[in-house]
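Enquirer:
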Amino acid sequence: MSDENLILLGVVGAPHGVRGDVRIKTFTGDPLGIAGYGALSDGKGRNFEITDIRPAKEVVVARLKGVTTREAAEALTGTELFVARDKLSADADEDEFLHADLMGCSVVGPDGVVLGTVTMVENYGAGDLLDIKTPDGRFVLMPFTKAFAPRIDIAARRIEAEPPLGLFEPDDDKR
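The sequence shown lines up with residues 27 to 201 when you count with my numbering.
Laid out in structure tokens, this is it:
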């Protein structure tokens with residue numbers, strides 16, 4: 027399966043306890059929802075089935091089938107967990123986008139000038155932010171809202187933006 031058909035749903039963190047449980051940082055709308063996708067892949071041929079899951083502070087704690095010791099859990103630290111794109115719900119709202127689909131999109135201003143390319147989608151608790159690399163190599167964080175990104179064409183890999191005034195202006199303050 028090609029990389030573009032895999033969607034990152036979470037990353038295994040540190041072990042939790044001595045019976046093989048792991049912490050998982052999830053990228054799903056509902057953190058516990060990661061268990062509902064069936065077997066998850068590491069993208070390298072290994073599959074993992076979540077047999078038990080519970081919420082914890084900023085992560086979920088999960089038991090993976092076949093992982094029964096702390097040492098086995100430690101060996102998985104940093105493992106990315108993917109699901110095949112076709113396992114995702116097809117009934118998403120027209121205003122919902124996968125982060126993977128936004129990355130690489132060109133961001134174009136109201137005047138048609140390319141402002142940059144989306145390199146990452148971040149969320150620090152107050153909503154999604156597009157991390158945009160400008161043509162001159164700077165990185166700009168733009169709120170990913172309907173007001174600032176009113177038109178998105180995933181097929182064309184294009185986001186029409188109406189960014190806040192001055193957001194893409196060069197920083198002339200050379201202290």
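Glycine included, each C-beta is placed from N, C-alpha and C at the ideal position.
Tell me the residue span of the beta strand (DSSP E) that contains residue 188.
Expert: Translated into the one-based positions of the sequence shown, residue 188 becomes position 162. Looking at the DSSP string, residue 188 is not in any beta strand (DSSP E), and its letter there is neither H nor E.
Enquirer: What's the gap between the Cα of residue 44 and the Cα of residue 99?
Expert: In the sequence shown, counting from the first residue as 1, residue 44 sits at position 18. In the sequence shown, counting from the first residue as 1, residue 99 sits at position 73. Roughly 9 Å separates the two Cα atoms.
Enquirer: Are residue 142 and residue 134 closer than 7 Å when you measure CB to CB?
Expert: By one-based count along the sequence shown, residue 142 stands at place 116. By one-based count along the sequence shown, residue 134 stands at place 108. Result no, Cβ atoms of residue 142 and residue 134 do not sit closer than 7 Å.
Enquirer: Are the Cβ atoms of residue 86 and residue 33 separated by less than 7 Å?
Expert: The sequence position of residue 86 within the sequence shown is 60, counting from 1. The sequence position of residue 33 within the sequence shown is 7, counting from 1. Cβ atoms of residue 86 and residue 33: not closer than 7 Å.
Enquirer: Considering only their Cβ atoms, is the gap separating residue 36 from residue 107 smaller than 7 Å?
Expert: Mapped onto the sequence shown, residue 107 falls at position 81. Mapped onto the sequence shown, residue 36 falls at position 10. Yes, they are a contact pair.
Enquirer: In the DSSP assignment, find the beta strand (DSSP E) that holds residue 82 and state where it starts and stops.
Expert: Working through the sequence shown from its first residue, we reach residue 82 at position 56. 76-82 is the span of the beta strand (DSSP E), which, as asked, contains residue 82.
Enquirer: Taking its Cβ as the centre, do 16 or more other Cβ atoms sit within 10 Å of residue 19, making it buried, or is it exposed?
Expert: Lying before the first or after the last residue shown, residue 19 is absent from the chain, which here runs from 27 to 201.
Enquirer: Use the C-beta contact count for residue 46: other C-beta atoms within 10 angstroms, 16 or more gives buried, fewer gives exposed.
Expert: In the sequence shown, residue 46 corresponds to position 20, counting from 1. When all chains shown are included, residue 46 counts as buried.
Enquirer: By DSSP's criteria, residue 110 is part of a beta bridge. Which residues make up the other side?
Expert: Sequence index remark: in the sequence shown, residue 110 carries index 84 (1-based). Answer is 32.
Enquirer: What residues in its chain sit with their C-beta under 7 Å from that of residue 194, if we drop five residues either side in the sequence?
Expert: Residue 194 sits at position 168 when you count from the first residue of the sequence shown. 141, 160, 166, listed in sequence order.
Enquirer: Can you tell me whether residue 43 is helix, strand or coil according to DSSP?
Expert: Within the sequence shown, the letter at position 17 stands for residue 43. Residue 43: coil per DSSP, three-state reduction.
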